[in-house]
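K.L.:
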Amino acid sequence: MAKKETTVKRNILSIFIEELSKSSLVFILLAIFTGLIIGGILAAGTTERVWQAFGRSFTEGIRESLKLIWLTYSSLFKGSFGDPAKMISALLSGDKTRIFSDWKNFLESLVVTTPYLFSGIAVALGFQAGIFNIGAEGQLYMGSIMAAWAGFTFKGLPPIVHVPLALGTGILAGGLWGFIPGFIKAKTGASEVINTIMMNYIAFALVQYLIANPFQDPVQGFKTPLIEQSAHLYRFFEDPLRLHIGFVIAIIIAILAWFFLYKTTWGYEFRAVGFNPHASKYSGINSPIITILALTISGAIAGLAGASEMLGVNFRQTQALSTGYGFDAIAIALLAKNHPLGIIITSMLFGFMRHGSRVMQLKTQIPIDIISILQSFIILFIAAPAIIRTIYRLKEPGKKEFKVEITSRVSGEKL
Amino acid sequence: MANKIQVVTNRFRRIDPHQQRQRLYGIFFLLIAIFIWIAFSRSTAPDLQTIFVTTPGGAQIATPDITFNTFFVLNVLVVLCAALGVYQVLKGFGKYSNYVLSLVGILLVVSFLAWGAAGGSINVGGLLRVMILRSVPITLGAMAGILCERVGIINIAIEGMMVTGALVGAIFGSLYGLWMGMLIATIAGGLISTIHAILSIKYKIDQIISGTIVNIFTIGLTSYIVTKILQNRDWQHLNQCGFFNPINLPILSKIPYIGPIFFSHNIYVYVMYLLIIILTFVLFYTKWGLRLRACGEHPKAADTLGINVFKTRYTGVILGGLLAGFAGSFFSLGSVGYFEQLMTAGRGFISLAAMIFGRWTPIGALGSGLLFGFAESLANNLSLLRFPIPAEFLIMLPYILTMVILAGVVGRSRGPAAAGTPYEKESL
């Protein structure tokens, strides 16, 4: 099983690199690089040890801050991938327990990546059709709670029935959460931005209600019962390692999304509506239907993200709090220019950073939240290439200007 | 002759959409009357009494409680709603329809409270007092949103500005006193919104993306500062700012019933009252306000008339940011006296809803702020009522109402025409 997965990934990688080389890879790398520098300055600037060193002498201060920045990023790297030397030697030795312990960080990072990958694709599909889905988070929660419901309600089903059933329930719930704002937009023109935000808060309140009342665990309050064993997603390794089949499903969804968008008529219509709603309307594309479909599919994939988290990692729904998946998903989609295969890489970037930052916090006392700051700068530089151009004195590109193309603002449509 | 027939048939064929809307409102009022009758009135025993306590806890002057026969009052409310509905269907209140709509809404709430507390008492004064407090950040945030959108910039980063304001207020309030904290929090909000302004006006990034960037950045930065500094034992004195004490306004706070509810709050509430008046005046009765709105409705036309669209947009967004920062400082300086993560709990986004709900006007912002505040206040006190609907649904209600309003089912709401589109000067 594991072998199969790597071959799938290599194919994507080659396609991805091909795609990426067509676009301005340099820009993305410079954006990430600049973000890392700013994060480093922030980390050094808020550490007392560095201040004390600066108090002694300037050169010592610089040396101390470089040391800290190196420690921060190397521990971030080790936390997200693991120690490369150890990982290779463990593989060579063939010792199972050593492989597990040295590859743990890498595999756990893939677990963290999974919901980002799903929700990034969800948001990107919306973007491609000119739809701003800020509600990925609410859709994710609905998918999660309904998957949990299907997971603990039905008893005695074989896994082959139970898992798809629970995943399907989650997809339906997320899809419904996307359908409602999509329908409202198509029928009345009301902006999906506000409506998806509203749907987020409705979802939070609803989940709060469900875990406190009908779905409550009879013994422990304010959470759902544990889901049945038969609804658990297949895990590739033994217990401390949590890598589950959800990651593979996410990769497959990414490939399907790519195929859908670039190789089918519907996908073409999606992109046409996103690119120019008026022109596509005159060319006979039923843009209200596309709008509804885009938000519904987007919601369904976000719902799948929640369902896979539920069935693969959490096993029970606890309190609904904003974890920032929605905003991170927007960042992931933007970073990949809404290309589904690019999202595989950018979501890994986010997932690995998120997981690695825990190790980093332990080692350097630099809070996890530095990742959010890094991310905000990276999207900033991606969205405003002019800033990067100014910093690095790059020449204005002629025809091939790199910019994020989102034409969600239909003229006459307001927030 | 043929022309005349045409006109006559046209008149029969075309239903005036305005009149149709009036009818719809009327039917809606009637439905509410029927709802009160079926859901509340019929399930109440005729001899039950409801007591509305009118003195909020801790008020200086006590006012007598209002005791009434529940069944009787509910029936009066049913008749009142029905009468309003019948008048609306037959004749229509014209441009006052929306006010009547809110009146019917209030009647619905009153009947709900009367029914919920039947056979017991409920502290209505306390509920309303808390409502005012809860509405402060939402109303102020909504006004920040109004300032931004009236000049044509969508600002979904109000949440981020609020969080910044709350944190900066707490830190500088602890260091240099409450007033300094309030001032610097306001400035911090303005600075953050300058980022948003530069990104969306100068660099012409999609305004939603720019707002998202600002949100991720500010929320990340504040949690970073909290984890790195405020949770450090050596620096804890930075998060003990204390809060503004309530001030009883002379004369006004002595008015029975109204005084303790509206006029014995801390400074934030009074500033909110003042800002509503100032902003309404400035936006709608001054030349400057007209220019501001012109940039949001039709920037090209505004530019032709010699208005500097870019400058006006910067002004609007930065003023909005100052307001949002001020609103944020309410969380730390105006209510609890310290900063904690997640204390804004999405109020910035709720403000956006309140802005839409209030139709992009300061008075509307107050109205919707009060509505959202009341929902929160009631949800917190729901255990006092015999109420079959859980608190979470009450919390949901404002969001659902916002979506309904936005969809134009009841009372359509339309924002500034050019909001969301970057302005580009045409090169000659």
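Chains as they are written, first to last, in this note's numbering: chain L, 1 to 415; chain P, 1001 to 1428.
C-beta atoms are modelled at their ideal positions from N, C-alpha and C, and glycine is treated no differently.
Bridge partners for P:Pro1050 per DSSP, in chain order?
P.N.:
Reading the sequence as shown, one finds Thr at residue 1050 of chain P and not Pro. DSSP, once it has assigned bridges, lists P:Phe1068 as partnering P:Thr1050.
K.L.:
Can you tell me whether P:Asp1047 is buried or exposed? The criterion is at least 16 other CB atoms within 10 Å of its CB, across all chains shown.
P.N.:
By the 10 Å Cβ count, P:Asp1047 comes out exposed.
K.L.:
Expressed to the nearest angstrom, what Euclidean distance is found between the alpha-carbon atoms of P:Pro1422 and L:Ala302?
P.N.:
When rounded, the distance between both Cα atoms is 30 angstroms.
K.L.:
Tell me the DSSP bridge mates of L:His244?
P.N.:
Answer is L:Arg235, bridged to L:His244.
K.L.:
Using a Cβ-Cβ cut-off of less than 7 angstroms, give me the residues of the segment 1250-1272 of chain P that come near chain L, in sequence order.
P.N.:
From the segment 1250-1272 of chain P, no residue has a Cβ closer than 7 angstroms to chain L.
K.L.:
In chain L, which residues lie less than 8 angstroms from P:Met1162 when you measure between Cβ atoms?
P.N.:
In chain order: nothing, as chain L lies at least about 14 angstroms away.
K.L.:
If the cut is a Cβ gap below 7 angstroms, which residues of chain L does P:Met1143 touch?
P.N.:
The contacting residues do not exist; P:Met1143 stays about 16 angstroms from chain L at best.
K.L.:
In the structure shown, what three-state DSSP assignment does P:Gln1019 receive?
P.N.:
The answer is helix: DSSP assigns P:Gln1019 an H, G or I state.
K.L.:
So L:Thr46 contacts chain P; which residues on that side make the cut at Cβ distance below 9 angstroms?
P.N.:
Ordered by position in chain P, the residues that pass the 9 angstroms Cβ test against L:Thr46 are Tyr1224, Ile1225, Lys1228, Ile1229.
K.L.:
Here's the rule: buried if 16 or more other CB atoms are within 10 angstroms of the residue's CB, otherwise exposed. What is L:Gln128?
P.N.:
With 16 or more Cβ atoms within 10 Å of its Cβ, L:Gln128 is classed as buried.
K.L.:
Are any of the Cβ atoms in chain L nearer than 9 angstroms to that of P:Asp1206?
P.N.:
Answer yes: the Cβ-Cβ gap between P:Asp1206 and chain L drops below 9 angstroms somewhere.
K.L.:
Look up L:His339 in the DSSP assignment and say whether it is helix, strand or coil.
P.N.:
Note: L:His339 maps to coil in three-state DSSP.
K.L.:
Counting C-beta neighbours from all protein chains within 10 Å, is the total for L:Trp177 16 or more, i.e. buried, or is it exposed?
P.N.:
Flag for L:Trp177 reads buried.
K.L.:
Could you tell me the alpha carbon to alpha carbon distance between L:Gly398 and L:Val26, rounded to whole angstroms?
P.N.:
Its pLDDT being 44, under 50, L:Gly398 is placed unreliably by the model, and nothing is read from it.
K.L.:
If you follow the alpha helix (DSSP H) that P:Asn1123 is in, where does it begin and where does it stop?
P.N.:
P:Asn1123 -> not in any alpha helix (DSSP H); beta strand (DSSP E) instead, spanning 1121-1123.
K.L.:
Tell me which residue opens and which closes the alpha helix (DSSP H) that L:Arg389 is part of.
P.N.:
Where L:Arg389 is concerned, the enclosing alpha helix (DSSP H) stretches over 385-392.
K.L.:
Do you know whose CA, among L:Met87, L:Tyr392, L:Thr296, lies nearest L:Ala122's CA?
P.N.:
If we check each option's Cα against that of L:Ala122, L:Thr296 comes out closest.
K.L.:
Out of P:Val1073, P:Arg1293, P:Leu1221, P:Gly1085, which has the shortest C-alpha to C-alpha gap to P:Arg1021?
P.N.:
Looking at the Cα atoms, P:Gly1085 is the closest of the given residues.
K.L.:
On the DSSP letters alone, give me the boundaries of the alpha helix (DSSP H) that P:His1196 sits inside.
P.N.:
Start and end: 1178-1197.
K.L.:
The alpha helix (DSSP H) that contains P:Glu1297, what's its start and end?
P.N.:
Residues 1287-1297.
K.L.:
Going along chain P in order, which residues have a C-beta closer than 7 angstroms to the C-beta of L:Gln317?
P.N.:
The contacting residues do not exist; L:Gln317 stays about 14 angstroms from chain P at best.
K.L.:
State the Cα-Cα distance for the pair L:Ser191 and P:Phe1349, rounded to the nearest angstrom.
P.N.:
Their backbone Cα atoms lie some 14 angstroms apart in a straight line.
K.L.:
Using a beta-carbon distance below 9 angstroms, is P:Val1124 in contact with chain L?
P.N.:
No, P:Val1124 lies away from the interface with chain L (no Cβ there is under 9 angstroms from its Cβ).
K.L.:
L:Ala31 to P:Gly1220, Cα distance in whole Å?
P.N.:
Each residue's alpha carbon lies about 18 angstroms from the other.
K.L.:
Ignoring anything shorter than 4 residues or poking outside the segment 256-285 of chain L, list the alpha helix (DSSP H) runs there in chain order.
P.N.:
List check, alpha helix (DSSP H) in window: 265-275, 277-282.
K.L.:
Once DSSP output is grouped into helix, strand and coil, what is the label at P:Ser1200?
P.N.:
Residue state, collapsed to three classes: helix.
K.L.:
Taking Cβ positions only, does P:Asn1215 come closer than 9 angstroms to chain L?
P.N.:
By this cut-off, P:Asn1215 is an interface position.
K.L.:
Assuming the contact rule is C-beta atoms closer than 8 angstroms, P:Ile1318 and P:Gly1190 should be a hit. Round their C-beta distance to whole Å, please.
P.N.:
About 5 angstroms; that satisfies the 8 angstroms criterion.
K.L.:
Taking L:Asp217 as the query, report the chain P residues whose CB atoms sit under 7 angstroms from its CB, ordered along the chain.
P.N.:
Correct list: empty, because the minimum Cβ distance to chain P is about 17 angstroms.
K.L.:
Am I right that L:Ser298 and L:Ile131 are in contact with their C-beta atoms under 8 angstroms? What's the rounded C-beta distance?
P.N.:
That pair is a contact at about 7 angstroms.
K.L.:
Taking the alpha carbon of P:Ser1351 as the point to measure from, which residue in L:Tyr282, L:Ile180, L:Ile194 has its own alpha carbon closest?
P.N.:
With distances taken between Cα atoms, P:Ser1351 lies closest to L:Ile194.
K.L.:
Am I right that L:Ala203 and L:Ala307 are in contact with their C-beta atoms under 8 angstroms? What's the rounded C-beta distance?
P.N.:
With a Cβ gap of about 14 angstroms, L:Ala203 and L:Ala307 do not count as contacting.
K.L.:
Taking all protein chains shown into account, do 16 or more other C-beta atoms lie within 10 angstroms of the C-beta of P:Trp1288, making it buried, or fewer, making it exposed?
P.N.:
Under this definition P:Trp1288 is an exposed residue.
K.L.:
Per DSSP, P:Asn1248 forms a beta bridge with which residues?
P.N.:
P:Ser1264.
K.L.:
Return the first residue and the last residue of the alpha helix (DSSP H) that P:Asn1215 is part of.
P.N.:
It spans 1207-1225 - the alpha helix (DSSP H) in which P:Asn1215 sits, taken as one unbroken run.
K.L.:
For L:Ile69, would you say it is in contact with chain P, using Cβ-to-Cβ distances shorter than 9 angstroms as the test?
P.N.:
Chain P contact via Cβ: absent.
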